[in-house]
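Notes follow the structure.
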Amino acid sequence: MRHLMMNGFGWHGGYMGLGWIFWILIICLVVWVAVRLIKPGDSENAQAGNNALAILKERYAKGEIDREEFMERKTDLEKG
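Just so we're aligned: the sequence shown equals residues 728 to 807 in our numbering.
Here it is as structure tokens:
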């Protein structure tokens with residue numbers, strides 16, 4: 728009778744039935760860490776490039792550099 732009241736899960740079988748979710752989360756975490764280790768600087772490099780361009784635009788707006796120098800440096804930033 729007790730078996731029928733627990734729907735066949737037993738003492739802690741209800742939690743064991745969800746164990747596959749735990750393993751999927753672990754696998755996803757391992758993949759995410761591996762990707763971050765392989766390409767750690769992609770987002771950092773993109774952000775640094777945007778900051779450099781913003782500084783360059785600011786210097787041009789302030790008149791610290793002329794149009795020619797601005798265009799040369801902008802081209803250099805876009806290349807690299």
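C-beta atoms are modelled at their ideal positions from N, C-alpha and C, and glycine is treated no differently. Given the structure is predicted, the values throughout are model-derived calculations rather than measurements.
With respect to the 8 Å criterion, leucine 783 and lysine 801 are classified as neighbours on the basis of their beta carbons.
Glutamate 805 and asparagine 778 have their alpha carbons spaced roughly 12 Å apart.
In the three-state scheme derived from DSSP, where H, G and I count as helix and E and B as strand, aspartate 793 is classed as coil.
A straight line joining the alpha-carbon of glutamate 796 with that of arginine 786 spans about 11 Å. Going by C-alpha positions, glutamate 791 is about 18 Å away from aspartate 803.
Lysine 789 and leucine 780 have their C-alpha atoms roughly 14 Å apart.
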